[in-house]
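In my numbering, the protein residues as written are 70 to 262.
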């Protein structure tokens, strides 16, 4: 019997105390056009803070994804297939969370850019923010960029390990075929006593 092992990414998500489903409902309600008055600076500031929180949540989710990929790499070395399958399921769940968070962040950025009269890109949005908001937003955007870069690095490492595994498997199979080809085939003679 296999006891399902939780990854460090799962533990970190639990410690953060925010579950994705609870978080995702908040911006959908609070970000509607009827609720916010774009003429009020307070509303824009709150929306900027919500966007910063969304960017940081996405970076956290990507960091969780990186943790699971690293644990998968370790599990390939020492753990059984069941642990690897659990990690694959967790990876899939986190991946869908990351996709949903990216959608929320993108929607927030587009709406905010529309109200501020700029492009929905980090540099354009940053230029439209006040100084203190700009510093926080740039920090959050840098953290997201670092997380994405870290994930890409892990994927390159994992891809290299898979390629290396395929080469080793091919080498072993070809050696076994060579050895098998050198062995004499059984003949019709019987050597029973």
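We put the CB at the ideal spot given by N, CA and C, even for glycine. Bear in mind the structure is a predicted one, so any value in this text is a computation, not a measurement.
Using 10 angstroms around the beta-carbon of residue i, count the other beta-carbons present and answer buried if the total reaches 16, otherwise exposed.
{"i": "residue 163", "result": "buried"}
{"i": "residue 133", "result": "buried"}
{"i": "residue 170", "result": "buried"}
{"i": "residue 201", "result": "exposed"}
{"i": "residue 144", "result": "buried"}
{"i": "residue 211", "result": "exposed"}
{"i": "residue 106", "result": "Caution is warranted here: a pLDDT of 48 is assigned to residue 106, below 50, making its placement in the model unreliable, and no coordinate value can be reported."}
{"i": "residue 215", "result": "exposed"}
Give me the Cα-Cα distance between residue i and residue j, rounded to the nearest whole angstrom.
{"i": "residue 153", "j": "residue 137", "result": "10 Å"}
{"i": "residue 243", "j": "residue 156", "result": "32 Å"}
{"i": "residue 178", "j": "residue 131", "result": "19 Å"}
{"i": "residue 223", "j": "residue 135", "result": "7 Å"}
{"i": "residue 250", "j": "residue 240", "result": "15 Å"}
{"i": "residue 129", "j": "residue 237", "result": "36 Å"}
{"i": "residue 217", "j": "residue 245", "result": "42 Å"}
{"i": "residue 122", "j": "residue 233", "result": "40 Å"}
{"i": "residue 226", "j": "residue 147", "result": "18 Å"}
{"i": "residue 220", "j": "residue 139", "result": "10 Å"}
{"i": "residue 190", "j": "residue 168", "result": "18 Å"}
{"i": "residue 199", "j": "residue 166", "result": "30 Å"}
{"i": "residue 150", "j": "residue 176", "result": "39 Å"}
{"i": "residue 228", "j": "residue 172", "result": "27 Å"}
{"i": "residue 203", "j": "residue 231", "result": "42 Å"}
{"i": "residue 247", "j": "residue 158", "result": "39 Å"}
For my contact list, residue i and residue j are in at a C-beta cut-off of 8 Å; report their separation, rounded to the angstrom.
{"i": "residue 174", "j": "residue 235", "result": "At roughly 36 Å, the Cβ-Cβ gap does not stay under 8 Å, so residue 174 and residue 235 are not in contact."}
{"i": "residue 185", "j": "residue 197", "result": "4 Å"}
Taking the Cβ atom as the reference point for each residue, do residue i and residue j lie within a distance shorter than 9 Å?
{"i": "residue 195", "j": "residue 207", "result": "yes"}
{"i": "residue 113", "j": "residue 209", "result": "no"}
{"i": "residue 160", "j": "residue 141", "result": "yes"}
{"i": "residue 188", "j": "residue 116", "result": "no"}
{"i": "residue 118", "j": "residue 205", "result": "yes"}
Please indicate yes or no: does the CB of residue i lie closer than 8 Å to some heavy atom of the ligand GDP?
{"i": "residue 122", "result": "The ligand GDP is absent from the structure shown, which contains no ligands of any kind."}
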